[in-house]
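Per mature numbering (1 follows the signal peptide of the UniProt record, and there is no 0): the sequence shown = residues -23 to -1, 1 to 124.
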Amino acid sequence: MKYVLSLSLVICLVLFNCKSQDAKQMSANKFETQLIGTKWVLTKLNKDLVNLTSPELEQPFIKLTAKDYGVGGNGGCNAFGGTFTLKENQHIEFSQLLATMRYCDDNGIERVFMGNLQKASSYTITNNILTFKDENGYILATFKATK
């Protein structure tokens, strides 16, 4: 009888644990599904609105792909690409970021944008707004989802 009760308890614990991990995985997948495959257009850089003054500049954006964990986009003047790694608790890391080297007068927006991507360590998505933060929780960049 003790054996049956012990076995029942173990089975319940295993099933409960699996269900908890499934819920965590589903929650993580929800954010990852929103993050990956969406074109995110930069709206704020270091909490300041992005104001492009030159007509030759493009609105900076990023897009992450699941196939190769690649990230690509435009910093306003130059196209860029690289890779990203997703970690637990909505943490992210960008690496191997490379950009074309066209000259544009962008008032340093592109340089700051690319530097902030390198510093990003976490992200949040709320109401189609993506925010990257550094390891201290400082907001580096804010994006709006577009189609």
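Note that the Cβ used here is the ideal one computed from N, Cα and C, for glycine as well. All values reported here derive from a predicted model rather than from experimental measurement.
- Message: Please identify the residue among 24, 42 and 18 whose C-alpha is closest to the C-alpha of residue 114.
- Response: That would be 24, whose Cα lies nearest to the Cα of residue 114.
- Query: Going by alpha carbons, who is nearest to residue 12 out of 107, 71, 83 and 57?
  - Reply: The candidate whose alpha carbon is nearest that of residue 12 is 107.
- If residue 53 and residue 86 are in contact, beta carbons under 8 Å, what's the gap, nearest whole angstrom? Going by Cβ atoms, the distance from residue 53 to residue 86 rounds to 5 Å, so yes, they are a contact pair.
- Query: Between residue 95 and the rest of its own chain, which residues show a CB-CB distance below 8 Å, the 5 nearest in sequence each way excluded?
  - Reply: Result list for residue 95: 71 and 74, in chain order.
- Task: With DSSP collapsed to three states, give me the class of residue 96.
- Result: Three-state DSSP puts residue 96 in a helix.
- Please specify which runs of the alpha helix (DSSP H), each continuous and at least 4 residues long, are wholly inside the segment 47 to 112, giving them in chain order. The qualifying runs are 86 to 96.
- Evaluate residue 100 with the Cβ neighbour count: other Cβ atoms within 10 Å of its Cβ, from every protein chain shown; 16 or more gives buried, anything less gives exposed. Burial call: buried.
- Query: What residue range is occupied by the uninterrupted beta strand (DSSP E) comprising residue 18?
  - Reply: Annotation for residue 18: the continuous beta strand (DSSP E) segment containing it runs 16 to 22.
- Item | 8 Å Cβ cutoff met for residue 61 and residue 48 | Residue 61 places its beta carbon less than 8 Å from that of residue 48.
- Please classify residue 29: does DSSP put it in a helix, a strand, or coil? Residue 29 falls in the coil class under three-state DSSP.
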